[in-house]
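Right, one structure below, let's go through it.
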Amino acid sequence: MSKKQIAPTLFDSAILGRASLDAVRKLDPRSLMRNPVIFTTEVVAALVTTIWLRDVLAGQAGSSFSGQIAAWLWFTVLFATFAEAVAEGRGKAQAASLRRTRSDAHAKRLLDPHNLGDLFEGVNALDLNVGDIVLVEAGDLIPSDGEIVEGVASVNEAAITGESAPVIREAGGDRSAVTGGTTVLSDWIKVRVTAAPGSTFIDRMIALVEGAERQKTPNELALSILLSGMTLIFLIAVVTLWGLAGYSGTVLSVVVLVALLVTLIPTTIGGLLSAIGIAGMDRLIRFNVIATSGRSVEAAGDVDTLLLDKTGTITFGNRMATEFLPVPGVEQKVLAQAALLASLSDETPEGRSIVALAKSDHGLIEPDFGAKQPVVIPFAAQTRISGIDIDARSIRKGAVDSILRFTNTPIERAPAEFRQAVDRVARTGGTPLAVAENGKLLGVIHLKDVIKPNIKERFAALRSMGIKTVMVTGDNPVTAAAIASEAGVDDFIAEATPEDKLAYIRREQTGGRLIAMCGDGTNDAPALAQADVGVAMQSGTQAAREAGNMVDLDSNPTKLIEIVEIGKQLLMTRGSLTTFSIANDVAKYFAILPALFVATYPQLGALNVMRLASPQSAILSAVIFNALIIIALIPLALRGVAYRRVGANALLRRNLLVYGLGGLVLPFIGIKAIDLVVAALHLA
544 MSKKQIAPTL FDSAILGRAS LDAVRKLDPR SLMRNPVIFT TEVVAALVTT IWLRDVLAGQ
604 AGSSFSGQIA AWLWFTVLFA TFAEAVAEGR GKAQAASLRR TRSDAHAKRL LDPHNLGDLF
664 EGVNALDLNV GDIVLVEAGD LIPSDGEIVE GVASVNEAAI TGESAPVIRE AGGDRSAVTG
724 GTTVLSDWIK VRVTAAPGST FIDRMIALVE GAERQKTPNE LALSILLSGM TLIFLIAVVT
784 LWGLAGYSGT VLSVVVLVAL LVTLIPTTIG GLLSAIGIAG MDRLIRFNVI ATSGRSVEAA
844 GDVDTLLLDK TGTITFGNRM ATEFLPVPGV EQKVLAQAAL LASLSDETPE GRSIVALAKS
904 DHGLIEPDFG AKQPVVIPFA AQTRISGIDI DARSIRKGAV DSILRFTNTP IERAPAEFRQ
964 AVDRVARTGG TPLAVAENGK LLGVIHLKDV IKPNIKERFA ALRSMGIKTV MVTGDNPVTA
1024 AAIASEAGVD DFIAEATPED KLAYIRREQT GGRLIAMCGD GTNDAPALAQ ADVGVAMQSG
1084 TQAAREAGNM VDLDSNPTKL IEIVEIGKQL LMTRGSLTTF SIANDVAKYF AILPALFVAT
1144 YPQLGALNVM RLASPQSAIL SAVIFNALII IALIPLALRG VAYRRVGANA LLRRNLLVYG
1204 LGGLVLPFIG IKAIDLVVAA LHLA
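Residues 544 to 1227 (our numbering) are what the sequence shown spells out, left to right.
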C-alpha cells in the first residue's frame, strides 16, 4: 500500500462528512461538559434561542437582535464541535481493531480429526472450537492457541514474545504449545485448538488494551483548570453585574448579559484547541507518521521516557548474516562459497541473508550447474540443517549442535578456533551457524539482530533532549545487554512479558512521568495503548498498529525526535493562542461595558474609544468578532508557531510581545470594522 493510501489528506470528503454529523451529535451536553467554555456557550445559546422564540411568538419588537446573537453563539459552538469531530475522525477504535485481526484470520480445519488425514475445510479462526484440529503449513499464521499433535516446524514468535530467533515446535514434550498469531516458517504442523473463544492470547491482549487508560498531560490539566476557573469567574461577574444594574436603575436584558459572558470567557482558545491538535497530526503526516488524536501529539511535547521494543524496532527483526569466521587453514572466501551453496535451498530470511552476504562481501555468484543435477537438502525444523550434494562435495550448514552431530565431531574435539568463534558470537547476543564439507568443519556464520542505521546517534540526540531510552525485549539478559550496548540505549528490560511492559509504564506514570512506547508486535499492544504516546511501526503487526495512537510508516523508532519537536511546537502554539485569547478580552470591555451603562452613567461614554454606532451595534459587533476571530486564527493554529529551543523566560517574553500585544490591538480594529458593517446594513 502506498503512503498516499495509508495517509489520506487531512480534510477529505469522508472525514468532513462524518465530522459534520458528529459535530451535531457532540451538541449533547454530556459530551460538551468536558469543555467548560464551549459547554457554557451552548447553555447560554440555548437560553437566548428560547428567549428569541418567545419574542417572535409574542410579536415583540427587537426580536431580530436576540435572533442574531443566538445564531452567532450556535455558530461558535458548532465550529468547536466540528473541529473536534475532525480530529477524532482520524482515530481508531483500538479494541475493535484488535478483534478485527482475529476475524480476518483463516484456518484449515481437518474434516476428520481422528485419523489426522489431509482433507480440510477453510474456516474463519473465530469459528474454531476447543478440540478442533487445524493444518498449518509454511507461511501460514497459527489461527488459535493450541497444542501440536503431529509434525515439527520452525515458528516465528517475534510478534507475540518479542524473541527474534525462530523456535522449534513439535508434537510431544514441552515444546508442543503454540500461540495464535505466530507464523510457521518451515514444514507443517497439525494443531489441536485448546483455547475457548474469548480466551486466546489475542483476547488477553484485547482485555489489556481495553483496560488501558491514557492520562491527561500536565499541560492539559493546567489549561483545563485555567479555562474552568476563568469561566466561573466571569459567570459570577456577569451575575453580579445584573444585581448592580438593578441597584443603579439600569435595565439589562438576559440577551445582553449573555453576550457579555460569552465575549469575556476564553471562547477563542476553547474553540481552537481541537484545531491545534489537527495541525499537529497534519505535520506528523508530512514526516510519514499517522496520529489518531491531537492529544497524543500534545503529550509528545512533554515525554521524558521512551520505551522501545527491540525486535523490528531497534533491529530489523530478522537475524541476518554479518560475517564468516573460518577455522585455520580455510580461506574466508571458501567458507563463504560453501555457505552460499548450502543456503540455496534455504528460503528463510536467515538463509537469504547468507546468500546476500556472500555475494556482496566476496563477489560470489550462484553457480550454474548445467547438466549436473545436485541433490538439494532444504532446511527442515527437525534437523535444523540445509545443504547440497554436488559431485563429490557434500556441504551442510545449520545449528552448531546439529552440524557437530552430522559430522560425528564431539564439541571438545572441534578446533579451538571454531569453539572460540561460537562462544564469541553467543556472548555478543548473536546466533552461530556451523558450515561443514565432507565431514570437515569449515567455520562459523555469525547471525545477529542488525541494528538499524544511525540509531545510536539518534538516541544520543534524544538524550540531549532529556529523554531516557529503555529497550524492552523478550531476549535473555546476555543478548539484551549486547544489543542495548550497540544501540546506545540508556537502559534495558530483558525477558519482558506484555504484563511487565504494562506494569513498567504504569509505575512510571504514577511517578508523574510521561511515557512514549515504540513497538511492532502483538505483545506490545497493551503497552502501546497505555503509553501517553504509543508509536507503532508500520512493519509490525496489525494489533500493534491499532493499539498505538501513532503509526510510523517508515518504521524508524528514532522518528520520536521529530514527534517530540512537533509536540513542543503544538504546546507553544497553544500557549501563544491562549495568551492572545486572554488579551483580546480587553477590547471587548471597551465595547460592551459602555453599551451596558451609558444610559445610566453618561460619563462612561468616554470609554467608547472605538466610537461604536450604538449600544446594540457594539454588543452585536463584539459577539460577531468573538466568533469570527476563531476562524481568522485557524491558519495560525494549523501552521503552528515556529519551534525554537529557547528558555521559558525568553518564550514568555516573545508570547507577551507578539501575541499579548497583538491580542490587545487587533480586537479594537476588528470590532470597529464589524460595527461599521452592522451600522451600514442596519442590523442593530
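Think of the CB as a built atom: it goes at the ideal place given N, C-alpha and C, for glycine as much as any other residue.
So, does the CB of V870 fall closer than 8 angstroms to a CB anywhere in chain C?
Of the protein chains in the structure, only one exists, and it is not chain C.
Who are the Cβ neighbours of L1199 in its own chain at under 8 angstroms, not counting the five residues just before and after it?
Answer for L1199: T1122, listed in chain order.
Quick check on DSSP: helix, strand or coil for I1172?
In the structure shown, I1172 adopts helical secondary structure according to DSSP, grouped into three states.
Alpha carbon to alpha carbon, how far is A1079 from E664? Give it in angstroms, no decimals.
Answer to the nearest angstrom: the Cα atoms are 35 angstroms apart.
Assuming contact is defined by CB atoms lying nearer than 8 angstroms, are I812 and L1120 in contact in what I supplied?
Yes, they are a contact pair.
Unbroken alpha helix (DSSP H) runs of length 4 or more, entirely within the stretch 907-959: which are they?
Runs found: 943-949.
Less than 8 angstroms between the C-beta atoms of T810 and T1065, yes or no?
Not closer than 8 angstroms, so no.
I549 burial status per 10 Å Cβ neighbour count (16 or more: buried):
At I549, the pLDDT of 38 sits below 50, so the modelled position is not reliable; the number obtained from the coordinates is stated separately. In the assembly as shown, I549 is an exposed residue. Its beta-carbon has fewer than 16 other beta-carbons within 10 Å.
Is the distance from the Cβ of L984 to the Cβ of F949 below 8 angstroms?
Not in contact: L984 and F949 (Cβ atoms no closer than 8 angstroms).
Determine, using beta carbons only, whether T938 and L878 come nearer to each other than 8 angstroms.
A small correction: the amino acid at residue 938 is Ile; Thr does not occupy that position in the sequence shown. In this structure, the beta-carbon distance from I938 to L878 does not fall below 8 angstroms.
Any contact between the stretch 832-852 and the stretch 1009-1016? By contact I mean 3 or more CB pairs, one from each, below 8 angstroms.
Counting C-beta pairs with one atom in each stretch, the stretch 832-852 and the stretch 1009-1016 have three or more that are closer than 8 angstroms, which means they touch.
Which runs of the alpha helix (DSSP H) at least 4 residues long sit entirely within the stretch 1021-1053? Give them in chain order.
For the alpha helix (DSSP H) assignment, the uninterrupted runs of no fewer than 4 residues enclosed by the stretch 1021-1053 are, from N- to C-terminal side, 1041-1053.
So the beta strand (DSSP E) D598 belongs to, where does it begin and stop?
Where D598 is concerned, there is no enclosing beta strand (DSSP E), although the alpha helix (DSSP H) it sits in stretches over P579 to A601.
Of the listed residues A843, K1131 and Q925, nearest to L1103 (C-alpha basis)
Distances from the CA of L1103 to each of A843, K1131 and Q925 were compared; the closest alpha carbon is that of A843.
Which listed residue (A935, K915 and S945) has its alpha carbon closest to that of A924
The shortest C-alpha separation from A924 is found at S945.
DSSP has L990 in a bridge; who is on the other side?
Note: L990 is bridge-paired with A864 and T974 in the DSSP secondary-structure output.
Separation of R826 from R1184, as counted between CA atoms
Residue identity differs from the one stated: residue 1184 is Val in this sequence, not Arg. If you draw a straight line from the Cα of V1184 to the Cα of R826, it comes to about 12 angstroms.
Is it a yes or a no for the stretch 969-980 touching the stretch 993-1003, going by three-plus beta-carbon pairs under 8 angstroms?
Short answer: they don't touch.
Residues bridged to L984 [DSSP beta-bridge criterion]
The partner list for L984 (beta bridge, DSSP) reads A979.
Is E700 helix, strand or coil by DSSP?
Coil, per DSSP.
Taking the straight line between their C-alpha atoms, what separation do you get for L1204 and I1173?
Rounded to whole angstroms, L1204 to I1173 spans 18 angstroms at the Cα level.
Name the one or two DSSP bridge partners that N1019 has.
Beta bridge pairing from DSSP links N1019 with no other residue.
Neighbour-count burial assignment, G1055, 16 or more Cβ in a 10 Å radius
G1055 is exposed by the Cβ-count criterion.
Cβ neighbour criterion (16 or more within 10 Å) applied to I612
A buried status is given to I612, since no fewer than 16 other beta-carbon atoms sit within 10 Å of its beta-carbon.
Name, in chain order, the residues that DSSP records as bridge partners for K733.
Under the DSSP definition of a beta bridge, K733 partners with L678 and E693.
Are the stretch 794-804 and the stretch 588-597 in contact at 8 angstroms, needing three or more beta carbon pairs?
The stretch 794-804 vs the stretch 588-597: in contact.
At which residues does the alpha helix (DSSP H) containing G1213 begin and terminate?
In the DSSP annotation of this structure, the continuous segment of the alpha helix (DSSP H) that includes G1213 starts and ends at L1204 to A1223.
G665 bridges to which residues according to DSSP?
Answer is K651.
Beta-carbon separation of D889 and F922 under 8 angstroms?
Against a cut-off of 8 angstroms, the Cβ pair of F922 and D889 comes out as a contact.
Separation of L1114 from R1187, as counted between CA atoms:
The alpha-carbon atoms of R1187 and L1114 are separated by roughly 12 angstroms.
Does the Cβ-Cβ distance between V1152 and F1133 come in under 8 angstroms?
Yes, they are a contact pair.
Which residue from V870, G814 and V840 puts its Cα closest to that of F625?
Considering only alpha carbons, the answer is G814.
My assumption, with CB atoms under 8 angstroms, is that V1076 sits in contact with S839. Please give the rounded CB distance.
The Cβ separation is near 5 angstroms, so the contact holds.
Looking only at its chain, what residues have a beta carbon closer than 8 angstroms to the beta carbon of V673, apart from the 5 residues adjacent to it on each side?
Excluding residues within five positions, the ones whose Cβ falls inside 8 angstroms are V736, T737, A738 and A739.
Keeping to the same chain, check which residues put their C-beta closer than 6 angstroms to that of D675; ignore five residues upstream and five downstream.
Closer than 6 angstroms at the Cβ level, and outside the excluded window around D675, lie R652 and V736.
So if DSSP puts F711 in a beta bridge, which residue, or which two residues, is it bridged to?
In the sequence as displayed, the identity of residue 711 is Ile instead of Phe. Per DSSP, S697.
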